[in-house]
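Down below is the structure, laid out as structure tokens.
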Amino acid sequence: MKQTHSFRSTIAPLGALALAASIAITGCKPESTTTTAPAPSKAAPTGESTLVVGFAQVGAESSWRTAETQSIKEEAAERGVELKFSDAQGKQENQIKAVNGFIAQGVDAIILAPVVETGWEQVLKDAKDAEIPVILVDRGLKVSDDSLYATLIASDFVAEGRMAGEWLAKKTEGKASIIELQGTPGSAPAIDRKKGFADALKEHEGMKIIASQSGDFRRSGGKEVTEALLKVHGDKVTAIYAHNDDMALGAIQAIEEAGKKPGTDILIVSIDGVRGAFEAMVKGTLNCTVECSPLLGPLAFDAVEKAIALDEQPKKTIVEDQVFDQSMAEAVIDSRRY
28 MKQTHSFRST IAPLGALALA ASIAITGCKP ESTTTTAPAP SKAAPTGEST
78 LVVGFAQVGA ESSWRTAETQ SIKEEAAERG VELKFSDAQG KQENQIKAVN
128 GFIAQGVDAI ILAPVVETGW EQVLKDAKDA EIPVILVDRG LKVSDDSLYA
178 TLIASDFVAE GRMAGEWLAK KTEGKASIIE LQGTPGSAPA IDRKKGFADA
228 LKEHEGMKII ASQSGDFRRS GGKEVTEALL KVHGDKVTAI YAHNDDMALG
278 AIQAIEEAGK KPGTDILIVS IDGVRGAFEA MVKGTLNCTV ECSPLLGPLA
328 FDAVEKAIAL DEQPKKTIVE DQVFDQSMAE AVIDSRRY
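In the working numbering, the protein residues as written are 28 to 365.
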């Protein structure tokens with residue numbers, strides 16, 4: 028039996044945050060539910076022991092990722108949790124090493140934002156054998172046994188891609204020659220956002236992706252790929268779809284350096300909803316962003332507490348997102364939390 032700093036016997040139902048009111052759960056064993064990202068918890072835990080949680084983060088490749096890390100760290104501090112943090116720098120081998128380290132240290136739970144979808148079977152089995160629950164945040168993964176993780180808290184990436192495609196189709200009246208800036212190859216958001224966007228385009232014969240390449244979710248990658256593809260396709264390009272805002276902001280730089288007007292000569296739609304995207308929309312250089320909230324700290328620690336207490340919870344919690352375009356940006360930019 029795993030020893031967990033006596034936390035299992037002293038855990039209190041902390042930081043509920045009205046989560047029960049915001050999540051509609053049907054049936055005794057829900058598979059999926061939908062919620063909005065709540066505000067940080069204001070209550071610290073009570074009891075004799077300190078909860079120790081390991082957080083294996085993808086890296087710091089974007090402002091979105093930085094906001095997610097900050098949300099997890101702030102929520103841990105609010106609840107009096109000892110957080111052991113690891114930055115994988117975008118490499119799966121680093122994340123696996125970090126998770127193995129957390130297991131060896133006997134943490135109470137592990138929060139994991141997996142770099143890619145596959146290759147996790149053994150390390151997750153090791154965590155399960157050690158009776159350490161694993162909470163997935165932001166990104167899902169593929170395993171043969173879904174009992175290897177407790178729950179997933181994330182946005183619906185397919186829906187995000189579809190919303191981006193539907194917005195662009197409406198804006199262009201179904202006619203566009205598009206460059207697609209993909210995220211990290213093999214990652215859940217890159218795979219699903221590509222699929223959702225492609226699904227939307229199936230309804231519009233006049234919308235074509237003429238080039239698609241990975242910018243690795245980085246601003247520098249978005250700039251470099253856009254520069255290269257504009258040299259090849261030139262004036263044929265009428266729109267850019269970026270899998271995240273950071274790549275879109277890099278694309279804006281490349282378009283400007285090519286002597287064109289981003290947002291006018293070339294329409295740009297992206298995903299994440301970071302403040303930089305709203306600033307670009309106010310300036311008129313970005314046309315639309317689909318929100319993907321990184322403020323997952325409260326939901327993640329609610330899930331940790333439920334997993335340790337062996338309370339039932341949905342296998343997947345979907346955080347609701349929405350579309351923002353230039354017409355909305357100025358009115359909401361001051362209210363953005365990231």
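Each residue gets a CB set at the ideal place from its N, CA and C atoms; glycine is no exception.
Only a predicted model underlies this, so the values are computations on that prediction, with no experimental measurement involved.
Bridge-paired residues (DSSP) for residue i
i: residue 207; result: 239, 268
i: residue 315; result: 296, 352
i: residue 234; result: 203
i: residue 139; result: 83, 163
i: residue 289; result: 293
Exposure label - residue i; buried when at least 16 CB within 10 Å
i: residue 362; result: exposed
i: residue 354; result: exposed
i: residue 171; result: exposed
i: residue 208; result: buried
i: residue 233; result: exposed
i: residue 359; result: exposed
i: residue 174; result: exposed
i: residue 220; result: buried
i: residue 386; result: Missing from the structure shown is residue 386; the chain here goes from 28 to 365 and no further.
i: residue 200; result: exposed
i: residue 156; result: exposed
i: residue 340; result: buried
i: residue 261; result: exposed
i: residue 259; result: exposed
i: residue 135; result: buried
i: residue 212; result: exposed
Coil, strand or helix - residue i by DSSP
i: residue 165; result: coil
i: residue 332; result: helix
i: residue 83; result: strand
i: residue 216; result: helix
i: residue 115; result: coil
i: residue 229; result: coil
i: residue 171; result: coil
i: residue 346; result: strand
i: residue 96; result: helix
i: residue 109; result: strand
i: residue 78; result: coil
i: residue 154; result: helix
i: residue 178; result: strand
i: residue 247; result: helix
i: residue 362; result: helix
i: residue 89; result: coil
i: residue 126; result: helix
i: residue 20; result: There is simply no residue 20 to check, as the chain begins at 28 and stops at 365 in what is shown.
i: residue 339; result: coil
i: residue 254; result: helix
i: residue 321; result: coil
i: residue 147; result: coil
i: residue 309; result: helix
i: residue 134; result: coil
i: residue 357; result: helix
Contact under 8 Å by Cβ, residue i with residue j
i: residue 275; j: residue 257; result: no
i: residue 164; j: residue 138; result: yes
i: residue 249; j: residue 273; result: yes
i: residue 185; j: residue 223; result: yes
i: residue 142; j: residue 89; result: no
i: residue 91; j: residue 314; result: no
i: residue 226; j: residue 166; result: no
i: residue 198; j: residue 294; result: yes
i: residue 108; j: residue 78; result: yes
i: residue 94; j: residue 334; result: no
i: residue 296; j: residue 162; result: no
i: residue 357; j: residue 309; result: yes
i: residue 130; j: residue 114; result: no
i: residue 101; j: residue 328; result: no
i: residue 195; j: residue 268; result: yes
i: residue 117; j: residue 85; result: yes
i: residue 277; j: residue 242; result: yes
i: residue 181; j: residue 345; result: yes
i: residue 218; j: residue 148; result: no
i: residue 253; j: residue 204; result: no
i: residue 119; j: residue 83; result: no
i: residue 192; j: residue 228; result: yes
CB-CB length for residue i against residue j, believed under 8 Å
i: residue 311; j: residue 98; result: That belief does not hold up - the Cβ atoms of residue 311 and residue 98 are roughly 30 Å apart, past 8 Å.
i: residue 206; j: residue 237; result: 7 Å
i: residue 299; j: residue 316; result: 6 Å
i: residue 318; j: residue 349; result: 5 Å
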